[in-house]
Amino acid sequence: MKVGVQTIRTTVQCWLFVAILTACVAGGVTAAFGQQWQLDNLVLDSSQGGHVRVRFGVQCPVEPLKQLLTDEGATVRVGFEAALRRERLLLWEKQEAVARRLYYLKSRALSQEYELKGEGLNKPLVGTELAPLLDKAWSTLEMDLGAWHQLQPGSEYVVDLRIECDRADVPVWLRRALFFWSWDVLPPRTYRLRFRY
């Protein structure tokens, strides 16, 4: 009889610990997810050699990134994906072109600096303040989506810009084992621009 009571007590304590841990983790995730990306502008540029170019600038919330980079020493991956699609009446949108850019952000603990590596940067950007570093890198971005002559005149098109920010230092086996867990640092955002060619 005593063994049964002790087992129940241990089980209740374990479940209570799991509930408290879940509430703490959910509270931290909720705080980070309350902050959003801000898109400064999203325009199509046709002035450069007959190519469809998407030009935009983004601002991201700095505090969740700072906390993750300095407190946990994580490496953060930020991805920008621009997709050009032709809208069709009865069928799904037809994808015409896709362009991607990846950036990796980490903290150097000894020098107390942040480092940003990525496509479109000649060399890694390094700075002691995170906000000016990200502003320098992402205030104006441009992505090539192919030639204008490949588009059909009179058709409706959309450009979808997707921004994702997750942890790059999580091993693949752990991502697969915890497939239900979100590794996003900030919630992904998609912006859409419609135009007629």
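Under my numbering, the first residue of the sequence shown is numbered 791, with each subsequent residue one higher. We treat Cβ as the ideally placed atom computed from N, Cα and C, and that holds for glycine.
Using the Cβ count rule (16 or more neighbours within 10 Å means buried), how would you classify residue i?
i    : result
L881 : exposed
W971 : exposed
V846 : Per the sequence shown, residue 846 should be read as Phe rather than Val. F846 comes out buried.
V782 : For residue 782 there is no data in the structure shown, the boundaries of the chain being 791 and 987.
A864 : buried
W928 : buried
S901 : exposed
D967 : Note on identity: in this sequence residue 967 is Ala, with Asp being the wrong assignment. Exposed, by the Cβ-count rule.
L964 : exposed
P914 : exposed
Following the continuous alpha helix (DSSP H) through residue i, name the residue where it begins and the one where it ends.
i    : result
V868 : Run containing V868: none in the alpha helix (DSSP H); it sits in the beta strand (DSSP E), 866-876.
L855 : 852-856
L964 : 962-967
D925 : 920-928
With a CB to CB cut of under 7 Å and the five nearest residues on each side skipped, what residues in its chain are close to residue i?
i    : result
Q885 : A873, R875
L858 : A864, V866, V975
R898 : E905
Short of 8 Å in beta carbon distance, which residues of its chain neighbour residue i, apart from the five on each side in sequence? Order them along the chain.
i    : result
W938 : S836, G840, H841, V842, Y987
N831 : R845, F846, G847
E883 : R875, R876, E877, V948
P978 : R952, I953, E954, C955
Q942 : R876, Y987
S945 : R876, E877, R986, Y987
Given a cut-off of 9 Å on the beta-carbon distance, is the pair residue i and residue j in contact?
i    : j    : result
L911 : V852 : no
V916 : L923 : yes
M933 : R982 : no
L879 : Y893 : no
L834 : V888 : no
V960 : W973 : yes
Nearest chain D C-beta to residue i closer than 9 Å, yes or no?
i    : result
K884 : Checking the listed chains, one finds no chain D in this structure; it contains a single protein chain.
Along the beta strand (DSSP E) that carries residue i, what are the first and last residues, could you check?
i    : result
A887 : 884-898
H841 : 841-849
A937 : 931-937
G773 : Nothing can be reported for residue 773, as the shown portion of the chain is limited to 791 through 987.
T980 : 974-986
D959 : Taken as a continuous stretch (DSSP letters only), D959 belongs to no beta strand (DSSP E), as it is neither H nor E.
N831 : 828-835
G908 : 903-908
Going by beta carbon distance, what residues of the same chain come within less than 6 Å of residue i, once the five residues before and after it are set aside?
i    : result
R984 : V948
E903 : V916, T918
V849 : The sequence shown places Gln at residue 849, rather than the Val named in the question. Correct list, in chain order: Q828.
K896 : T865, E905
R957 : A864, W973
T930 : G847
Taking 8 Å as the cut-off, does the stretch 857-872 touch the stretch 944-952 (at least 3 CB pairs, one atom from each stretch)? With three or more CB-CB distances shorter than 8 Å, the stretch 944-952 counts as touching the stretch 857-872.
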